[in-house]
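Just so you know, this note's numbering puts the end of the sequence shown at 200, numbered straight through with nothing missing.
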Amino acid sequence: MVERRHNDDFGGGVAKGLFSSMWWSTIAATQASTGDFGPRTVPGRALAALWMMGSIIAIAVFTAGVTSVLTVTQMEGMVQGESDLAAVRVGAVQSSSTASYLDSTQIRHQDFASIQQGLNALRAGKIDALVHDKPLLGWLVGQNYATSLQILDATFDQQQYAIALPLGSPLRKSLDVALLQTIESDWWKQAVFQYLGEK
Numbered sequence: 002m003v004e005r006r007h008n009d010d011f012g013g014g015v016a017k018g019l020f021s022s023m024w025w026s027t028i029a030a031t032q033a034s035t036g037d038f039g040p041r042t043v044p045g046r047a048l049a050a051l052w053m054m055g056s057i058i059a060i061a062v063f064t065a066g067v068t069s070v071l072t073v074t075q076m077e078g079m080v081q082g083e084s085d086l087a088a089v090r091v092g093a094v095q096s097s098s099t100a101s102y103l104d105s106t107q108i109r110h111q112d113f114a115s116i117q118q119g120l121n122a123l124r125a126g127k128i129d130a131l132v133h134d135k136p137l138l139g140w141l142v143g144q145n146y147a148t149s150l151q152i153l154d155a156t157f158d159q160q161q162y163a164i165a166l167p168l169g170s171p172l173r174k175s176l177d178v179a180l181l182q183t184i185e186s187d188w189w190k191q192a193v194f195q196y197l198g199e200k
């Protein structure tokens, strides 16, 4: 509208002027050379300068957004929870309760003779996730794979540890009290963090 009466490039009918202005805006937004084709009046050039600065900012914001998403995806990996396991290559230790759980939920998986073999396969990129006992995985990853592997904060098949006592054992109450005192103590929390990486 600003250039229409003063610039033949944007003159002519409404359709021609509108098409020319849209074409110039597209070229300017993509930082391509417009040659001699462009605004000639002071208001037209001011509007064009604002348009180009806006396009630079928009492209920078879009690029930063895409980069952030890609970086986060790469850092977080392909698996965030149990629902992702069906779409990736999963490993488990053969004859373990984890392998049985994966079988029962119909999640295809590759079995390994030991957890060490599974972790090595994961680090080598032969599988995308290794599912196993979290405390043991936490300790092994913390000891040998801290810079290359990550333990997810997700529980697929929660299992409790227990200490078996005979029925009616007099030790039960004192053992319960001792366990509660232990897991509430600072040294226990430090030990869990040191060996398992959990707070």
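Heads up, the beta-carbon is just placed ideally off N, CA and C, and yes, glycines get one too.
The beta carbons of residue 120 and residue 146 sit closer together than 8 angstroms. Per DSSP, residue 126 lies in no beta strand (DSSP E) and is assigned neither H nor E.
Taken atom to atom, the span from the alpha-carbon of residue 58 to that of residue 51 is near 11 angstroms. Of the candidates 159, 191, 94 and 131, 131 places its Cα closest to the Cα of residue 151. C-alpha of residue 179 to C-alpha of residue 167: approximately 18 angstroms in a straight line. Spatial neighbours of residue 108 in its own chain (CB-CB distance under 8 angstroms, excluding positions within 5 residues in sequence) are listed in chain order as 86, 87 and 91.
Put simply, the backbone Cα of residue 141 is about 38 angstroms away from that of residue 169.
The three-state secondary structure of residue 92, taken from DSSP, is strand. Within a 10 Å sphere around the beta-carbon of residue 172 sit fewer than 16 other beta-carbons, which makes this residue exposed. About 20 angstroms separates the CB atoms of residue 176 and residue 136; that is not less than 8 angstroms, and the two are not in contact.
Beta-bridge annotation (DSSP): residue 131 is paired with 92.
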